[in-house]
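Below is one structure, written out as structure tokens, with a few remarks after it.
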Amino acid sequence: MTQEILAHPWFGTWIAVLVAVPLALLVHRIGGLVLKRITRPAPAVHAMVVNCNAPARLVLPLVALLLIFQAAPEDLRFLGSVRHFNGLLLIAATTWLAVRAISGFADGVLAQHPADVADNLQARRVLTQTRVLARTAMSVVLVAGGAMMLMTFPGARQVGASLLASAGVIGIVAGLAAKPVFSNLIAGLQIALAQPIRIDDVLVVEGEWGRVEEITGTFVVLKIWDDRRLILPLSYFIEKPFQNWTRHSSQLLGSVFIHVDYGMPLAPLREEVERIVKAAPEWDGRFFNMRVTDATERSMQVRVLCTAATSGLAFDLRCTVREGLLDFMQREYPQFLPKMRIEADPLQGAAAG
1 MTQEILAHPW
11 FGTWIAVLVA
21 VPLALLVHRI
31 GGLVLKRITR
41 PAPAVHAMVV
51 NCNAPARLVL
61 PLVALLLIFQ
71 AAPEDLRFLG
81 SVRHFNGLLL
91 IAATTWLAVR
101 AISGFADGVL
111 AQHPADVADN
121 LQARRVLTQT
131 RVLARTAMSV
141 VLVAGGAMML
151 MTFPGARQVG
161 ASLLASAGVI
171 GIVAGLAAKP
181 VFSNLIAGLQ
191 IALAQPIRID
201 DVLVVEGEWG
211 RVEEITGTFV
221 VLKIWDDRRL
231 ILPLSYFIEK
241 PFQNWTRHSS
251 QLLGSVFIHV
261 DYGMPLAPLR
271 EEVERIVKAA
281 PEWDGRFFNM
291 RVTDATERSM
301 QVRVLCTAAT
311 SGLAFDLRCT
321 VREGLLDFMQ
331 REYPQFLPKM
341 RIEADPLQGA
351 AAG
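Residue numbering for the sequence shown follows this note's numbering, starting at 1 and increasing by one per position.
See the structure below:
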């Protein structure tokens with residue numbers, strides 16, 4: 001029995017496998033600890049190393065098996081199938097490793113730029129670029145991995161080559177940009193690089209005011225003020241006009257309009273505006289003023305401008321100023337609220353009498 005086992009053609013190969021796999025796992029263990037210690041001063045790289053731990057535990061033994069099977073005698077039975085299966089597993093594991101590396105690096109970059117601060121313009125810029133580029137890169141890696149696995153089958157090499165070509169930037173731009181899915185991919189790259197919108201930007205789109213909640217590889221989720229969600233394709237923000245209130249800064253200039261009668265004195269109204277704005281906790285102290293911006297046949301239009309640190313605070317400040325002015329007018333000058341005047345002709349009245 002022992003002689004038969006020792007004489008089996010696969011005996012030497014399996015002994016090498018039993019030695020190589022534990023050695024590969026040991027190298028993974030030691031190498032992982034060393035890399036984590038070395039990369040600790042660089043948070044993004046450290047996060048990538050930590051994220052790659054699980055797939056690397058699979059990749060290294062598969063690489064060791066690949067070397068062993070390549071060195072095995074060619075006359076071994078089923079050697080071709082074993083090599084093919086090991087190659088498929090290695091491609092899948094390497095693809096997983098690349099995806100995890102991209103995801104970990106992106107998470108590390110985002111951790112260094114928290115968006116929960118008052119002036120988060122730079123953080124939102126990094127957040128948008130990182131998420132869009134990471135998702136695009138992961139999509140390319142997955143397509144390339146699938147294509148490489150297909151190319152290991154002789155009958156499917158043409159299909160795999162086509163998929164692999166589509167993963168390249170030149171292939172996308174030259175051949176597939178006209179297709180909707182790749183049009184959105186191109187739009188995603190444009191948004192990541194040119195950044196007409198960013199995560200947490202305040203937009204007015206299709207008559208709706210909202211905040212950019214999520215940017216995926218194909219669409220943008222806009223959170224409307226009343227908690228509805230407006231879903232728009234990425235290409236919309238490349239092809240159509242829209243308003244971006246926080247393009248260069250999260251600070252906003254809010255406006256409030258009220259209509260008053262022509263008899264309303266402006267000095268006390270201006271004093272009340274100053275009192276309301278300065279007492280409002282939402283005001284950031286930068287600027288405010290009051291001007292008469294229009295005059296109709298029935299009333300004057302008074303505009304109040306005031307600044308706030310964020311779009312949410314600007315909205316609350318506008319409401320505070322509007323409510324305060326209405327209360328002031330009703331309390332102190334109710335006679336000067338907008339009204340319609342009708343005057344009777346005294347001659348017609350005398351004739352009727």
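Cβ coordinates follow ideal geometry from the N, Cα and C atoms, glycine included.
Asked	Found
Between the CA atoms of N244 and W96 - distance to the nearest angstrom	37 Å
Contact between the region 219-233 and the region 285-293 (3+ Cβ pairs under 8 Å)	no
Where L176 falls: helix, strand or coil (DSSP)	Low confidence applies to L176: its pLDDT is 45, below 50, so where it sits in the model is not reliable, and the reading given next is rough at best. Three-state result, L176: helix.
For V141 and V169, the rounded distance between their alpha carbons	Any reading at V169 must be qualified, since the residue scores a pLDDT of 47, below 50, and its modelled position is unreliable; no value is offered.
Touch test, the region 261-276 against the region 299-312, Cβ-Cβ under 8 Å, three pairs minimum	yes
Among T293, V27, T152, R318, nearest to A64 - alpha-carbon criterion	V27
Residue interval of the beta strand (DSSP E) (run including F336)	Segment: none, F336 is in no beta strand (DSSP E) and carries neither H nor E.
Reference A192; option with closest CA among I15, F237, L23	F237
Per DSSP, the bridge partner or partners of V126	DSSP output for V126 lists no bridge partner at all.
Proximity winner among R229, L35, L269, L76, relative to R291 (alpha-carbon distances)	L269
Proximity of A123 and S103 at Cβ, strictly below 8 Å	no
Cβ-Cβ separation, L110 to P61 (assumed contact under 8 Å), whole Å	Not a contact, Cβ separation roughly 32 Å.
Cβ-Cβ distance between G217 and T293 below 8 Å	no
First and last residue of the uninterrupted beta strand (DSSP E) at M329	Not the beta strand (DSSP E): M329 falls in the alpha helix (DSSP H), residues 311-332.
Candidates I91, I197, L203: closest to M151 by CA position	I91
Enclosing beta strand (DSSP E) for S255 [first to last residue]	252-260
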